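**Q** Residues in the sequence shown are numbered consecutively from 42, following my numbering. If you scroll down you'll find the structure; I have some questions about it.
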Amino acid sequence: VQLQASGGGLVQAGGSLRLSCKALGSTFVVSTMSWYRQASGKGRELVATVFTGGRTNYAGSVKGRFTISRDYAKNTVALEMNDLKPEDTGVYYCNAGGGFRGSMYDFWGQGTLVTVSS
Numbered sequence: 042v043q044l045q046a047s048g049g050g051l052v053q054a055g056g057s058l059r060l061s062c063k064a065l066g067s068t069f070v071v072s073t074m075s076w077y078r079q080a081s082g083k084g085r086e087l088v089a090t091v092f093t094g095g096r097t098n099y100a101g102s103v104k105g106r107f108t109i110s111r112d113y114a115k116n117t118v119a120l121e122m123n124d125l126k127p128e129d130t131g132v133y134y135c136n137a138g139g140g141f142r143g144s145m146y147d148f149w150g151q152g153t154l155v156t157v158s159s
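Take a look at the structure:
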């Protein structure tokens, strides 16, 4: 599975951005899709996950501001980010996880940079 992320950019604090990630290839193995982010000098952190069936989970720092959604027909996952703060700055990575015939899979996109200016 290949993941193609897009939508990053520069935005002022309080603004909005929408990230999108398209999964290509053997997408039948994918069950969960997530967004992670990594700020400069810090580790990668989970931002949001959408599970098969539509249940979602968010990091506390983004809850109420970010919305993750998945389009199964298009094999895409989006992250709508509102009321952005400078601390949201970082490289955002799309992730897809799943399993098939006893094997577990974990796929990563190339990352897209989000910069929030104060």
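C-beta: ideal position from N, C-alpha, C; glycine also. This one's a predicted model, so the numbers in the text were calculated from it and none came from an experiment.
If you run the structure through DSSP and keep just helix, strand and coil, what is Thr68?
**A** Helix at Thr68.
**Q** Within the segment 84-153, note down every full beta strand (DSSP E) run reaching 3 residues or more, in order along the chain.
**A** Within the segment 84-153, the complete beta strand (DSSP E) runs of at least 3 residues are 85-91, 97-99, 107-112, 117-122, 131-141, 144-149.
**Q** Starting from Ser47, trace the beta strand (DSSP E) in both directions and tell me its first and last residue.
**A** Run containing Ser47: 43-47, per the beta strand (DSSP E) assignment.
**Q** Taking the alpha-carbon of Ala46 as reference, which of Val71, Ser67, Tyr77, Ala54 has the nearest alpha-carbon?
**A** Taking only the C-alpha atoms, the option nearest Ala46 is Tyr77.
**Q** Could you work out which residue in Phe107, Val103, Leu87, Glu128 is closest to Thr119 when comparing CA atoms only?
**A** A small fix is needed here, since residue 119 is Ala in this sequence, not Thr. Comparing Cα-Cα distances from Ala119 to each of Phe107, Val103, Leu87, Glu128, the minimum goes to Phe107.
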